[in-house]
Amino acid sequence: MAADKFRALHEQAVSTTAAAERERVAKEKLMNEQLQRVMIQTHGNDLRRRVKTELQKHDLEQNARRSDMERRLRLLNIQENDLRDAALELLHTEEAERDAEVADDQTRAQAVDEHVRTMKNESVRLDEKAQRLTRQRQLKLEIRREQLRQMERQKGTRDFERNLQDVLKREREAIMREEGELARANKERH
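Residue numbering for the sequence shown follows full-length UniProt numbering, beginning at 1 and increasing consecutively.
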């Protein structure tokens with residue numbers, strides 16, 4: 001009886017120990033599962049935080065790049081407008097200078113034409129004057145030659161001949177001077 005009691009107690013103790021061991025194993029397993037869930041959740045939260053931080057950082061970088069690109073684009077637009085304005089101003093300046101040069105050229109051409117007309121008129125006037133002077137000198141020369149011929153016909157006395165020689169010499173010199181002046185006048189006219 002005591003052995004039965006002992007056996008019953010032993011079986012009860014073994015069964016209690018086995019139940020306690022099963023319970024402990026189950027609790028440990030549950031705790032391990034909970035710990036894993038907590039670790040997974042913590043790791044997931046950490047990953048989410050990291051991803052969120054990286055996304056925010058990426059968004060900030062993208063916004064900064066976008067702002068920089070927009071600023072550069074505005075600067076390029078301003079530079080393009082400035083260049084366009086400068087090109088238009090240069091074009092207008094060149095056109096104004098070209099118009100002024102054309103006007104100057106026309107004015108110079110008109111002045112040259114006027115000068116040519118004046119020179120032609122002056123040349124015509126000088127030609128007419130030279131022709132008048134030439135006719136007058138030729139007429140004077142003819143008169144002197146005629147006078148010389150008459151004087152040569154009248155020579156007789158020595159004094160008359162000497163006087164005649166002096167007169168002839170002076171007349172020849174005068175004729176040569178007149179012919180030289182005529183030649184110069186003709187040369188100037190041409």
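Where is the CB? At the ideal position from N, CA and C, for every residue including glycine.
Values in this document were obtained by computation on a predicted structure and should not be read as measured data.
Give me the Cα-Cα distance between residue i and residue j, rounded to the nearest whole angstrom.
| i | j | result |
| --- | --- | --- |
| residue 90 | residue 55 | 51 Å |
| residue 179 | residue 150 | 22 Å |
| residue 67 | residue 75 | 12 Å |
| residue 127 | residue 104 | 33 Å |
| residue 118 | residue 129 | 16 Å |
| residue 69 | residue 107 | 56 Å |
| residue 63 | residue 47 | 24 Å |
| residue 86 | residue 94 | 12 Å |
| residue 102 | residue 112 | 15 Å |
| residue 123 | residue 115 | 12 Å |
| residue 82 | residue 88 | 10 Å |
| residue 60 | residue 51 | 14 Å |
| residue 100 | residue 71 | 43 Å |
| residue 25 | residue 11 | 20 Å |
Under the assumption that residue i contacts residue j (Cβ atoms under 8 Å), give the Cβ distance between them as a whole number of angstroms.
| i | j | result |
| --- | --- | --- |
| residue 192 | residue 144 | Nothing can be reported for residue 192: it is not among the residues displayed for the chain, which extend from 1 to 190. |
| residue 185 | residue 139 | Rounded, the Cβ-Cβ distance is 15 Å, inconsistent with contact. |
In terms of alpha-carbon separation, which member of the options lies closest to residue i?
| i | options | result |
| --- | --- | --- |
| residue 147 | 115, 48, 175 | 175 |
| residue 141 | 53, 173, 38 | 173 |
| residue 181 | 162, 72, 131 | 131 |
| residue 125 | 44, 188, 24 | 188 |
Any beta carbon from chain C within less than 7 Å of residue i's own beta carbon?
| i | result |
| --- | --- |
| residue 146 | No chain C appears in this structure, which consists of one protein chain only. |
Using a threshold of 6 Å, is the CB atom of residue i nearer than that to any non-hydrogen atom of the ligand SAM?
| i | result |
| --- | --- |
| residue 85 | Ligands are entirely absent from the displayed structure, and the ligand SAM is therefore not among its contents. |
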